[in-house]
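Protein chains in written order, with UniProt numbering: chain X, 1 to 225; chain S, 1 to 225.
Here's the structure we're looking at; comments come further down.
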């Protein structure tokens with residue numbers, strides 16, 4: 001058998017939560033045939049870096065986003081996924097607070113922007129398909145693992161937590177039902193403090209029980225929606 | 001940025017259940033520097049095939065095993081994973097009944113053999129690490145999804161099902177506990193038939209409730225061990 005060589009890229013699906021809205025980080029191609037098109041931030045894999053290193057490098061260079069844990073999603077190898085030569089891409093994904101990251105223009109004059117995940121302009125190549133698969137993975141994750149530790153303030157209201165679930169699952173959840181299920185998991189601790197600076201009736205603030213959070217991350221659960 | 005070309009392989013972790021024992025399919029290198037060493041069945045990715053097609057082709061060519069659904073596991077890209085040139089590999093995995101597949105010698109004179117997953121000889125390159133990661137994935141799967149439909153006869157005893165779980169989880173399970181948890185899931189239907197051809201007290205035979213099986217596969221669960 002031959003051992004042909006292949007062109008390899010990495011592409012990042014960075015989900016960002018922004019005040020109850022789920023967004024994805026996109027970059028705009030400034031030059032070449034795809035000029036003006038939006039894409040997931042990606043680049044060629046170099047010879048002396050791992051895929052993980054490439055994913056982090058690309059993200060920083062293209063968008064200014066750094067210090068986040070990228071998880072491998074899937075490797076895409078359809079023969080026609082790129083209109084020119086054959087290119088295989090390894091996709092990564094992460095979920096962060098979008099307001100915690102200042103975006104900057106990359107070295108290729110690519111403009112970086114957070115866009116609502118359900119309102120992306122047609123992305124280049126198979127990037128919309130990669131986004132869909134990442135979104136499915138994220139939806140699965142939120143139903144089986146605790147989520148929110150790095151996404152919510154240290155103390156939060158039950159409504160803020162519900163908004164987080166609703167943004168990811170793209171559905172309205174029943175408030176009493178959501179609260180009942182959440183409390184049953186013993187994941188939340190009431191802080192005896194109330195929201196401040198609101199004109200309506202201030203809601204109770206909760207924090208995560210770290211021990212239960214870690215145990216549930218390890219063990220998993222089923223959150224029915 | 002350069003667009004260097006990379007050597008890419010696929011490697012398959014095929015788990016086989018054999019009378020309550022969990023095995024993995026390995027091949028023995030017959031020529032070259034690695035002659036006599038055992039490995040996961042793998043090969044170069046060709047220019048005109050997807051990774052999924054390559055994984056199936058390799059498996060058939062090397063071991064005779066065909067018509068199984070291979071799931072992508074992870075792409076491994078450590079710079080030193082191969083002692084010669086840099087090679088990136090995409091690993092796939094599957095779980096089958098080992099007695100349902102007749103092994104044959106591959107075109108490279110590779111001998112194929114099922115070996116107990118906890119008694120593999122030192123595998124080449126990072127294949128032991130790939131096996132460990134596949135095993136962790138399988139253990140996670142068995143705790144969160146129904147398993148056994150393609151692995152057990154249509155009608156089976158609770159003890160046969162327990163042996164399947166024990167083989168994958170590599171632990172002894174408490175019989176009453178296992179039965180209680182299984183029955184609680186409504187996954188099993190009693191057939192009113194008993195085991196035949198046994199000299200001891202014949203056990204009741206069960207079958208899977210297909211509807212519940214599919215629902216639980218979709219929804220997931222937590223099987224605590």
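The C-beta atom is built at its ideal place from N, Cα and C for all residues, glycine as well.
Source: prediction; values computed, not measured.
The beta-bridge partner set that DSSP reports for residue 72/X consists of 92/X.
A distance below 8 Å between beta-carbons, with the five flanking residues on each side excluded, links residue 72/S to the following residues of its chain, in chain order: 51, 52, 90, 91, 92. In the three-state reduction of the DSSP assignment, residue 211/X falls in the helix class. Sequence-ordered contacts of the stretch 140–166 of chain S with chain X read 140, 143, 144 [C-beta pairs closer than 9 Å]. Contact check for residue 59/X against residue 116/X fails: the beta carbons are separated by 8 Å or more.
Per DSSP, reduced to three states, the secondary structure at residue 194/S is strand. Of all residues in the stretch 74–93 of chain X, those with a C-beta nearer than 8 Å to a C-beta of chain S are 74, 75, 77, 78, 79, 86, 88, 90, reading in chain order. Counting only residues of its own chain and dropping the five nearest sequence neighbours on each side, residue 102/S has a CB closer than 7 Å to the CB of 64. Apart from sequence neighbours up to five positions away, the residues of its chain that approach residue 121/S with a beta-carbon distance below 6 Å are 38, ordered along the chain. Scanning chain S for C-beta atoms nearer than 9 Å to the C-beta of residue 4/X yields 5, 7, 8, 44, 45, 46, 47, reported in chain order. Here residue 171/X is exposed. Its C-beta has fewer than 16 other C-beta atoms within 10 Å. Any Cβ of chain X closer than 8 Å to the Cβ of residue 64/S would place that residue at the interface, and such an atom is absent. Listed along chain S, the residues sitting closer than 8 Å to residue 221/X by beta-carbon distance are 222.
Inclusion of residue 54/S and residue 61/S in the CB contact set at 8 Å is not warranted, their separation being larger than that value. In this structure residue 204/X touches residue 194/X by the C-beta definition: roughly 6 Å separates them, less than 8 Å.
Judged by DSSP secondary structure, residue 14/S falls outside any alpha helix (DSSP H) and instead within the beta strand (DSSP E) spanning 5–18. Taking 8 Å as the threshold, the shortest C-beta distance from residue 50/X to chain S falls below it.
About 37 Å separates the beta carbons of residue 109/X and residue 160/X, which is beyond the 8 Å limit, so they are not a contact pair. Under the Cβ distance rule, residue 195/S does not count among the residues neighbouring chain X, no pair being separated by less than 8 Å. Spanning the alpha carbons of residue 166/S and residue 173/S requires a straight line of approximately 7 Å.
Between the stretch 126–136 of chain X and the stretch 149–158 of chain X there are fewer than three inter-stretch CB-CB distances shorter than 8 Å, so the stretches are not counted as touching. Each residue's CA atom was taken as its position, placing residue 158/X and residue 181/X some 12 Å apart. If you compare the alpha carbons of 164/X, 66/X, 156/X with that of residue 208/X, the shortest gap goes to 156/X. For residue 175/X, the uninterrupted alpha helix (DSSP H) segment begins and ends at 175–184.
For residue 50/S, the three-state secondary structure derived from DSSP is coil. Counting C-beta atoms within 10 angstroms of its own C-beta, residue 48/S has fewer than 16 neighbours from the protein chains shown and is therefore classed as exposed. One Cα belongs to residue 100/S, the other to residue 69/S, and the distance between them is close to 14 Å.
The C-alpha of residue 77/S lies about 14 Å from the C-alpha of residue 5/S. Burial is judged here by how many other beta carbons sit within 10 angstroms of a residue's own beta carbon; residue 126/S has at least 16 and is buried. In this structure, residue 112/X lies away from residue 24/X, with their beta-carbon atoms at least 8 Å apart. The Cβ atoms of residue 222/X and residue 163/X do not sit closer than 8 Å to each other.
Your pair residue 98/X and residue 114/X checks out as a contact, with CB atoms roughly 5 Å apart and the cut at 8 Å. For residue 111/S, there is no enclosing alpha helix (DSSP H); the residue is found in the beta strand (DSSP E) stretching over 111–116.
Boundaries of the alpha helix (DSSP H) around residue 142/S: 127–144. The Cβ-Cβ distance between residue 145/X and residue 95/X does not fall below 8 Å.
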